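Reading through the structure tokens given below for one structure.
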Amino acid sequence: MALVGAVVGQIGFGSIADMIGRRRVFIMTCSMVIFGAVMSATVQNTSGSFGIFSQLTFWRFILGVGIGGEYPLSASITSESSQSQDVVRNLAMVFSMQGIGTILCSLVLVTVTNTMGDNYDTQWRLALGLGAVPMACSFYFRWKMHETSWANEINKPLLLHEDSTTEYSSPSYSIIAYFREGLAFVWQTVQTHWWALLGTAGSWFVLDVVFYANGLFSGQVTTAMGLSTSTRGEASAALILQCIALPGYMCTILFIDRIGPSNLQLIGFVATAFFFLLLAVLQPYLLQVPPLYIILYGLTFFFQNFGANATTYIIPSIIYPTNHRATCHGISAAWGKMGAIVGAEVFLYLQNSFCRGDNCTDDATAEQKNNGLRVVFSVCGALSIFGFFWSYFLVKNVNGPLLEVSNSEEEAEDMESKKGASGSLRTQSSEVHY
106 MALVGAVVGQ IGFGSIADMI GRRRVFIMTC SMVIFGAVMS ATVQNTSGSF GIFSQLTFWR
166 FILGVGIGGE YPLSASITSE SSQSQDVVRN LAMVFSMQGI GTILCSLVLV TVTNTMGDNY
226 DTQWRLALGL GAVPMACSFY FRWKMHETSW ANEINKPLLL HEDSTTEYSS PSYSIIAYFR
286 EGLAFVWQTV QTHWWALLGT AGSWFVLDVV FYANGLFSGQ VTTAMGLSTS TRGEASAALI
346 LQCIALPGYM CTILFIDRIG PSNLQLIGFV ATAFFFLLLA VLQPYLLQVP PLYIILYGLT
406 FFFQNFGANA TTYIIPSIIY PTNHRATCHG ISAAWGKMGA IVGAEVFLYL QNSFCRGDNC
466 TDDATAEQKN NGLRVVFSVC GALSIFGFFW SYFLVKNVNG PLLEVSNSEE EAEDMESKKG
526 ASGSLRTQSS EVHY
């Protein structure tokens, strides 16, 4: 449910941020994450229809909505608060905190599983509740922050119709009317930037089908290696994988300005495809050498982070005009999360495809489970190749030194009209000039 909530938050908070400003919405998303994490950790096992699992589902959805809003807000605020020559690197630095977060998450799991014995109830509650701590630490700074350059472009809440005389702040302006205006704004944005959205949303969808499925099935992979035969072992194996993946974020920060976001996305897809296909071919042999197996598997995460996982976040932050940036980024990110949902379901079926009844239980043989993993690796490799071609043909080329970031949609449209209709779809949504 957290993924479903993320889709809602990415589209909803992204569009709201373009309508009323970044700062207030950034505080909203922070509050929802804190509240959702704390309440997830305090659910109670009660009788009736709203039992502990229903409570946990509800609060994880709320948490997901807040996390989803963080994507377009963090990207838009970073893009609009940076000097033009520093935009791409700063975005990479912000996104690299995802890597730090996964390391901290794994450290929490290793700590609680090794210090609390078999007290599983306290373990999972503590692990979920600690998710509120980083957001709580950032709340004060969000409260004190100033509005970004969005305020210079849109000096009042955005009204979609020139003949509209009703301000959003008016007491007579109903929630229903506000909601209708919001939907109309999202639809207007999609109509204006549909070609660019096809590239950014599509590539993010393909990436997250592979990326999230890869993460969800890492436990089965490490079990096949013989490294995670217990809860403690699974936590330790996850930490090892995240440590291998973390340098990918660092390399993105160091080299993205030289390589260029578009080139890096292509390189990441190709490298990821290579290692997935290598794992599919060599898996029976790699099972005999667990250290080599985990290194090669960890490299799939490395080249996702030093590749499309970072650039699918960065590119939408720099190619859309200010007054549509958060909405377009949110739509692109939402398609990524929908890819994660699809990937989790499809790869679960593929991984169980060699077991009786398409369900690998404890009675399934190791050979059956390993054959399923080989299929998963093969499909991940094929999808990564598809992601390469999708990015090559549909994602706007934003390589080269950044010379100017224009926050004026009118200026971008004026430049487009001079270029002529032949290139209009490729440049309509861009505000980055090279």
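If you're matching positions, the sequence shown starts at 106 in the working numbering and goes up one per residue. Glycine is no exception: its CB is placed at the ideal position from the N, C-alpha and C atoms. Predicted model only: the values in this text are computed from it and were never measured.
Judged by DSSP secondary structure, residue 147 falls outside any alpha helix (DSSP H); it is assigned neither H nor E.
Note that the C-beta distance between residue 479 and residue 376 is not below 8 angstroms. No Cβ-Cβ contact shorter than 8 angstroms links residue 131 with residue 168. If the five residues before and after residue 243 are omitted, its C-beta is found closer than 7 angstroms to the C-beta atoms of 135, all from its own chain and listed in chain order.
In this structure residue 159 does not touch residue 306 by the C-beta definition: roughly 32 angstroms separates them, more than the 8 angstroms allowed. Rounded to the nearest whole angstrom, the CA to CA distance from residue 417 to residue 360 is 16 angstroms. Annotation note: the region 342-374 contains no uninterrupted alpha helix (DSSP H) run of length 4 or greater. Of the candidates 174, 144, 227, 174 places its Cα closest to the Cα of residue 114. Per the coordinates, the alpha-carbon of residue 147 lies some 7 angstroms from the alpha-carbon of residue 230.
The straight-line gap separating the alpha-carbon atoms of residue 188 and residue 171 is approximately 28 angstroms.
Note on geometry: alpha-carbon atoms of residue 116 and residue 156 lie some 30 angstroms from one another. Taking a 10 Å sphere around the C-beta of residue 429, we find 16 or more other C-beta atoms and assign the residue as buried. The beta carbon of residue 106 lies closer than 7 angstroms to those of 162, 165, 166, 169 in the same chain, with the five residues before and after it left out. Burial of residue 200 is indicated by the presence of at least 16 other C-beta atoms within 10 angstroms of its C-beta. Looking only at 399, 400, 405, the smallest Cα-Cα distance to residue 381 is reached by 405. In this chain, the alpha helix (DSSP H) harbouring residue 428 covers 427-456.
Excluding sequence positions up to five before and after residue 491, its CB lies within less than 7 angstroms of the CB of 311, all in the same chain and listed in chain order.
Around the beta-carbon of residue 152, fewer than 16 other beta-carbon atoms lie within 10 Å, marking it exposed. In the displayed model, residue 137 falls within a helix according to three-state DSSP. In the structure shown, the three-state DSSP call for residue 185 is helix. Between residue 211 and residue 388, the CB-CB gap reaches or exceeds 8 angstroms.
DSSP places residue 236 in the coil class of the three-state scheme, outside both helix and strand. For residue 115, the enclosing alpha helix (DSSP H) begins and ends at 107-125. Under the three-pair Cβ rule at 8 angstroms, the region 353-371 counts as touching the region 191-198. The DSSP-derived three-state label of residue 315 is helix.
Boundaries for residue 222: no alpha helix (DSSP H) harbours it, and the DSSP string shows neither H nor E there. Residue environment analysis places residue 434 among the buried positions, since at least 16 neighbouring C-beta atoms fall within 10 angstroms of its C-beta. A Cβ-Cβ contact shorter than 8 angstroms links residue 343 with residue 323.
Residue 216 and residue 320 have their C-alpha atoms roughly 20 angstroms apart.
Separation of the CB atoms of residue 315 and residue 448 is rounded to 7 angstroms, and the pair is thereby assigned contact status at 8 angstroms. Rounded to whole angstroms, residue 426 and residue 304 show a C-alpha spacing of 16 angstroms.
Counted as a single uninterrupted DSSP element, the alpha helix (DSSP H) harbouring residue 416 occupies residues 413-424.
Around the beta carbon of residue 218, 16 or more other beta carbons lie within 10 angstroms, which makes this residue buried.
In this structure, residue 119 and residue 432 form a Cβ contact; the two beta carbons are roughly 5 angstroms apart against a cut-off of 8 angstroms.
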